[in-house]
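Asker: Take a look at this one; I'll ask things after.
Residue numbers (our numbering): 87 to 949.
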């Protein structure tokens with residue numbers, strides 16, 4: 087069947103198939119029909135030409151490319167027929183108002199007007215989910231980014247509920263049946279599965295036909311108009327109050343995480359500076375953490391200007407900060423700063439604890455859980471009342487297989503929710519059917535050819551997925567074949583089949599597509615998901631799970647040294663799991679899953695634990711699943727690129743609800759990779775960091791210091807009094823925002839004395855310079871997962887730092903000191919250029935050489 091690039095209507099009837107050619111003659115349209123050569127002339131009031139989605143050469147080219155890709159990759163039937171190619175061949179028309187039109191033309195169509203009540207969530211909601219549902223009903227195309235454990239299914243169910251209430255049809259599709267069945271089972275749980283039909287391939291359709299049931303008795307859900315009005319008013323009031331308290335719940339979750347992190351950092355701080363513990367001073371009883379930081383900055387400023395703290399200032403400081411002890415000011419600046427730092431932690435902890443208790447009391451008084459339950463019950467009652475109105479007293483006639491196609495319009499009224507794979511959606515009902523909404527779940531695993539096919543019958547589409555999880559797999563052979571096709575069409579990169587899922591393609595084609603990140607997380611122990619949050623999600627997740635001491639949430643087991651991996655199988659790791667980990671960690675009767683990158687290791691694990699309840703599979707197969715405890719067997723003697731893939735690691739870690747156990751080879755390995763980041767994160771949180779001559783980076787302390795310092799320096803929010811440093815700070819943050827450098831963060835004006843733990847390598851002059859509290863690095867880039875230093879950056883003013891000046895001599899000494907500890911430093915002169923390229927190249931070099939400065943045996947830097 088040929089694809090119509092234009093539609094020709096005569097007297098409002100589509101005559102495209104009968105027409106051989108047309109042309110414009112003056113103010114008339116000349117048409118030649120296929121059954122003759124005679125020309126017929128029509129006024130434009132009688133005949134009109136309608137453009138389709140593929141009227142432009144560009145869109146037509148993209149469609150032909152996808153069609154050829156379908157022919158290359160499609161599944162074959164036993165008779166050798168290509169199902170996917172056949173589906174593309176069946177497309178005779180793509181209207182301009184379907185979502186595929188925008189995809190083929192790489193342009194978003196105009197925004198639609200919302201047709202739903204934006205505050206109707208019968209399956210419950212949080213703030214992100216509420217926002218994502220509203221955006222879905224206000225746009226023809228929207229994206230919902232759903233990190234692990236953030237309630238994607240709940241969001242999809244609420245979209246379905248609103249669409250059905252509006253009398254609209256919905257198709258829910260994914261690359262496999264398990265995701266859609268999960269949605270169906272949730273509808274079944276609430277007793278409204280009768281609105282949905284599980285269709286798709288031939289077997290699914292047969293199963294549906296065989297299991298058709300009559301509409302259940304809905305009379306019990308019938309409500310009078312007055313009862314409906316009262317319930318709607320109640321639901322509206324509840325959703326307003328709940329939203330206010332959801333803000334509080336999110337703040338509470340963030341504060342709990344902040345408290346846990348600052349308590350962990352305080353333990354490291356006390357462990358590092360235990361010898362200085364007796365140095366203290368009495369501050370004002372109700373002093374705030376913010377005031378302590380302000381005092382630190384003011385004292386530092388005084389010293390920097392070589393001023394003494396005179397009588398008047400001491401009196402002011404006594405009134406403002408409560409410091410009565412005159413001898414306090416005889417301490418060195420470094421000792422005063424240490425006293426401030428020591429006081430800051432317990433004060434901040436106390437403030438956070440107080441605010442947490444206040445929020446918990448407020449939420450307890452509001453009875454949040456009961457109110458949310460009341461709201462969902464009320465909303466579900468309203469939904470069922472509308473379904474009662476639609477279906478009650480109707481007798482649903484059973485359909486035959488053939489009727490699914492030629493009675494599609496009737497069927498969709500009976501079953502407004504269709505569930506299928508992306509592959510089979512067009513085969514479920516008539517080719518002419520367009521769904522008001524097509525929701526594509528797990529879209530990072532949906533390939534371009536099947537994804538585009540699903541978009542071809544969507545008036546609106548909601549793309550649900552997570553770009554940080556595993557994409558669809560294209561093997562090397564298929565990559566080569568599809569790349570040949572792609573290269574022959576000269577298309578934009580987002581259309582390349584071999585390295586794009588539907589989700590990644592849409593995000594690249596439409597960088598401004600309306601999208602929502604589901605932020606609230608409800609699955610993993612906070613310590614487990616916090617790794618993913620810091621490593622992959624730029625700290626955007628709000629973790630609502632509770633801290634428990636039921637199990638130690640993070641553990642690393644290392645085998646003895648040796649090359650134990652053979653052909654992607656590691657028997658030594660299997661032995662340590664079976665003989666040591668399961669008994670030692672008391673895992674005999676828990677919900678345990680073992681994940682591994684490789685199929686060979688999976689097969690060996692499944693043989694080992696055959697007959698037990700232990701589930702073992704590849705990480706890829708575990709996507710979408712969860713277990714109380716997850717053991718990650720890495721297999722490799724030296725971690726491979728496949729094992730270290732960030733998406734694969736993100737999926738593996740986020741399967742664990744209560745405990746994650748990482749099993750690695752015990753070979754000495756200083757590789758700078760994602761697995762090593764996880765190990766360092768676990769070591770930091772378990773206080774088992776390998777000692778070195780560099781200190782841990784107390785970033786929560788210094789982030790607070792930076793914030794207060796910026797307020798004092800300038801109200802505009804600059805981080806430094808020097809424009810050159812402000813510009814560099816912005817550039818550093820820009821570079822570190824790239825995924826490859828997401829493990830890093832930056833601190834401003836970091837003291838050398840806080841960096842170096844052991845001064846024994848320095849001579850007397852160097853010790854004096856390095857121990858001065860005012861000697862600092864302009865910027866310190868550090869690994870935020872293991873809290874260790876990575877790279878120092880200096881911004882050198884041309885005049886102030888030029889050769890022969892006192893500052894130039896200090897620069898050389900600073901370089902010399904850091905060189906003794908093998909710690910890299912990068913200098914930028916204000917009269918030079920290409921700073922971004924230089925910084926990027928340096929960070930790439932550090933990663934390429936796989937050297938983690940500050941963690942090698944002879945480095946001497948603080949961790």
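The beta-carbon is built from N, C-alpha and C at its ideal position, and this holds for glycine as well.
Closest to residue 106 by CA distance: which of 589, 93, 363, 400 is it?
Answerer: Here the closest residue by C-alpha is 93.
Asker: Across which residues does DSSP place residue 837 in a beta bridge pair?
Answerer: 862, per the DSSP bridge assignment.
Asker: Tell me which residues share the same chain as residue 934 and place their Cβ nearer than 6 Å to its Cβ, disregarding the 5 neighbours each side in the sequence.
Answerer: Result list for residue 934: empty, nothing under 6 Å.
Asker: Say whether chain C places a C-beta atom closer than 9 Å to the C-beta of residue 187.
Answerer: Here chain C cannot be found, since the structure has a single protein chain.
Asker: Can you tell me whether residue 122 is helix, strand or coil according to DSSP?
Answerer: Of the three classes helix, strand and coil, the one that applies to residue 122 here is coil, per DSSP.
Asker: With distances taken between CB atoms, is the gap from residue 717 to residue 749 smaller than 9 Å?
Answerer: Yes, they are a contact pair.
Asker: Once DSSP output is grouped into helix, strand and coil, what is the label at residue 106?
Answerer: Strand, per DSSP.
Asker: How many angstroms separate the CA atom of residue 743 from the CA atom of residue 155?
Answerer: Using only the alpha carbons, I get a separation of about 40 Å.
Asker: List, from N- to C-terminal side, the alpha helix (DSSP H) runs of 4 residues or more that fit wholly inside the region 323 to 411.
Answerer: For the region 323 to 411, whole alpha helix (DSSP H) runs of length 4 or above, ordered along the chain, are 375 to 390, 397 to 407.
Asker: Answer with buried or exposed for residue 104, where buried requires no fewer than 16 other C-beta atoms within 10 angstroms of its C-beta.
Answerer: It counts as exposed.
Asker: Based on the DSSP output, what are the partners of residue 570 in its beta bridges?
Answerer: The partner list for residue 570 (beta bridge, DSSP) is empty, contrary to what the question assumes.
Asker: Alpha carbons only, please: which of 680, 594, 651 is nearest the one belonging to residue 664?
Answerer: Selected option, being the one with the closest Cα: 680.
Asker: Could you give the C-beta distance for residue 678 and residue 715, rounded to a whole number, given that I count them as a contact under 8 Å?
Answerer: With a Cβ gap of about 5 Å, residue 678 and residue 715 count as contacting.
Asker: Short check: CB of residue 226 to CB of residue 192, under 9 Å?
Answerer: Cβ distance not < 9 Å, so residue 226 and residue 192 don't count as in contact.
Asker: With burial defined as no fewer than 16 other Cβ atoms inside 10 Å of the residue's Cβ, what is the status of residue 326: buried or exposed?
Answerer: Flag for residue 326 reads exposed.
Asker: Once you ignore the five residues that flank residue 99 on each side, which residues in its own chain have a CB closer than 8 Å to its CB?
Answerer: Hits under 8 Å: none found.
Asker: Three or more C-beta pairs under 8 Å: does that hold for the region 204 to 219 against the region 576 to 593?
Answerer: Verdict: no, contact absent.
Asker: Between 158, 595, 784, which has its C-alpha nearest residue 353's C-alpha?
Answerer: Comparing Cα-Cα distances from residue 353 to each of 158, 595, 784, the minimum goes to 784.
Asker: Let me check understanding here. Comparing Cα to Cα, which of 899, 832, 122, 871 lies closest to residue 762?
Answerer: Ranking the options by Cα distance to residue 762, first place goes to 871.
Asker: Starting from residue 544, follow the beta strand (DSSP E) in both directions and report where the run begins and ends.
Answerer: Where residue 544 is concerned, there is no enclosing beta strand (DSSP E), given that its DSSP letter is neither H nor E.
Asker: Buried or exposed: where does residue 930 fall if 16 or more other Cβ atoms within 10 Å of its Cβ makes it buried?
Answerer: It is exposed - the Cβ of residue 930 has fewer than 16 other Cβ atoms within 10 Å.
Asker: Quick check: the region 125 to 141 against the region 176 to 186, are at least 3 beta-carbon pairs closer than 8 Å?
Answerer: Touching, yes, given that three or more Cβ pairs across the two stretches are closer than 8 Å.
Asker: Is the CB-CB distance between residue 317 and residue 304 below 9 Å?
Answerer: No, these two residues do not count as a Cβ contact at 9 Å.
Asker: Residue 879 and residue 913: beta carbons closer than 9 Å?
Answerer: Contact: yes.
Asker: Just the Cα atoms here: how many angstroms apart are residue 251 and residue 867?
Answerer: Cα to Cα, the separation comes out at about 53 Å.
Asker: Apart from the five residues on each side of it in sequence, which residues of its chain come closer than 7 Å, Cβ to Cβ, to residue 771?
Answerer: Cβ neighbours of residue 771 beyond the five flanking positions: 350, 613, 640.
Asker: Suppose the cutoff is 7 Å on Cβ atoms and the five residues either side in sequence are ignored; what does the same chain contact list for residue 1006 look like?
Answerer: Nothing can be reported for residue 1006, as the shown portion of the chain is limited to 87 through 949.
Asker: Measuring only the C-alpha atoms, how far is residue 950 from residue 481?
Answerer: Residue coverage of the chain in this structure runs from 87 to 949, which leaves residue 950 outside it and unanswerable.
Asker: From which residue to which residue does the beta strand (DSSP E) around residue 878 run?
Answerer: Per DSSP, residue 878 belongs to the beta strand (DSSP E) from 874 to 882.
Asker: Looking at the secondary structure, which residues open and close the beta strand (DSSP E) in which residue 260 lies?
Answerer: Run containing residue 260: 256 to 260, per the beta strand (DSSP E) assignment.
Asker: Distance check for residue 534 and residue 604, CA to CA, integer angstroms please.
Answerer: Whole-angstrom Cα-Cα distance: 24 Å.
Asker: In angstroms, rounded to a whole number, what distance separates the CA positions of residue 492 and residue 514?
Answerer: Going from the Cα of residue 492 to the Cα of residue 514 covers about 11 Å.
Asker: Pick from 828, 907, 810, 832: whose alpha carbon is nearest that of residue 844?
Answerer: The shortest C-alpha separation from residue 844 is found at 907.
Asker: Who are the Cβ neighbours of residue 293 in its own chain at under 8 Å, not counting the five residues just before and after it?
Answerer: Here the set comprises 284.
Asker: Would you mind listing the alpha helix (DSSP H) stretches within the region 673 to 735 that are 4+ residues and don't spill past its ends, in chain order?
Answerer: Whole alpha helix (DSSP H) segments, 4+ residues: 685 to 694, 705 to 708.
Asker: For residue 288, which option in 488, 467, 569, 710 has the closest C-alpha, if you only look at C-alpha atoms?
Answerer: Ranking 488, 467, 569, 710 by Cα distance to residue 288 puts 488 first.
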